[in-house]
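Working notes, beginning with the structure itself.
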Amino acid sequence: MTDTVPRDGGWAELAEQDGRLVEPGEEWRSELYRISSAQFERCADVLGLPADLRTRLLEPRRALTVNFPVRKDDGTVENFTGYRVQHTLTMGPTKGGFRYAPGVSLGECAALAMWMTWKCALLGLPYGGAKGGVKCDPRSLSDSELERITRRYASELIPVIGPDRDIPAPDMGTGEREMAWFYDTYSQAVGHSVPEIVTGKPPVLGGTTERRPATGLGVVYVVE
C-alpha cells in the first residue's frame, strides 16, 4: 500500500519535523498507519467490501495539522505541532484521546483514530474514531508550559470539535489535569460551561471516578 494524504474532506499544512519543514505527505509515513491499513485491507477482503467503501473507511474523514507558538518559562518562544484526525462521522460524533509525546505524527493519529472506530463499532457505541496530539516531551516541560500548550492546542481545535462533533479524552502523556484545561479553554471560547466537551475530567468537574481503572478492568474482562 502506498502512503497517501486522505482525499475525502481532509486538509493538511506544512509541518515541522526534526527542525525542517516537510510536505504533508511525509507525515503519513507512519509504521502504525501502515499496520492499521493492512489490517483493514485483510478484513475488507474477507468481507468482500467494494472499492468505494474501502476508500471511505480506509481514509480519515478529516485530518488537521496545526502549528502554534508557546512562550516558555525562560522567556523563549517554541513552536509546537499538533494534530487531530477524525476517522468517520457516519455513526455519530467522533471520540478519542489526545497525547503528548515526541513521536506523535499525523500517521500515528490516523491509525489510532481508525482503531477507535472499530472499537466503538464492535461495542455498538454511536461514535466514530478520532485521535490527536502534540509533538512534545511532557517530561521536559513545566506544569505552566504544559498548561499553555494545552490551552493553545484546544483553541486551535475549536472549529472542528464539540459535544456533537468530536469529543477529546486523555491519552499517553495527558490526564485529568489537561482535560480540565481543555474544558475551561473551550468553555471560555463559546461563552458558557460545556463539561461534555471532554471525558476524563476530574470528578469535581463532572468526571467519573471509575475512569482510572477502566482500561485495566477492560483487559481483565477480555482475558477472562
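Residues in the sequence shown are numbered consecutively from 436, following our numbering.
All residues carry an ideal CB built from backbone N, CA and C; glycine is no exception.
Top-ranked residue by Cα proximity to residue i, from the options
i    : options                : result
T500 : P561, M607, A589, R612 : A589
T525 : D601, P605, E582       : D601
R543 : F515, K570, L482, S575 : Checking the displayed sequence, the identity of residue 543 turns out to be Glu instead of Arg. Closest by alpha carbon: K570.
M551 : E476, K530, I596, Y618 : K530
Spatial neighbours of residue i in its chain, beta-carbon cut-off 7 Å, leaving aside the 5 residues before and after
i    : result
M607 : R534, A536
S577 : D508
Buried/exposed call for residue i, threshold 16 Cβ in 10 Å
i    : result
A486 : exposed
E513 : exposed
R519 : buried
A546 : buried
S575 : exposed
Contacting residues, own chain, Cβ-Cβ under 6 Å from residue i (five flanking each side not counted)
i    : result
E631 : P598
E613 : T585
A479 : R489
Opening and closing residue of the beta strand (DSSP E) in which residue i lies
i    : result
P603 : 601–604
E659 : Taken as a continuous stretch (DSSP letters only), E659 belongs to no beta strand (DSSP E), as it is neither H nor E.
E513 : 512–521
Alpha-carbon spacing of residue i relative to residue j, whole angstroms
i    : j    : result
L488 : Q474 : 15 Å
K636 : A556 : 24 Å
G532 : I593 : 15 Å
L456 : F503 : Only weak support exists for where L456 lies, its pLDDT of 44 falling under 50; the value from the coordinates is given anyway. If I take the Cα positions, the gap works out to 14 Å.
S579 : E659 : 42 Å
P603 : M549 : 15 Å
G653 : H627 : 34 Å
Y656 : A649 : 10 Å
R477 : L492 : 13 Å
P605 : S471 : 21 Å
L484 : S540 : 29 Å
P638 : Y618 : 13 Å
Limits of the alpha helix (DSSP H) - the one that residue i falls within
i    : result
R464 : Here R464 belongs to no alpha helix (DSSP H), and DSSP marks it neither H nor E.
K530 : First-last for K530: 529–536, but that is the beta strand (DSSP E), not the alpha helix (DSSP H).
T609 : Careful: T609 lies outside any alpha helix (DSSP H) and carries neither H nor E.
L581 : 578–592
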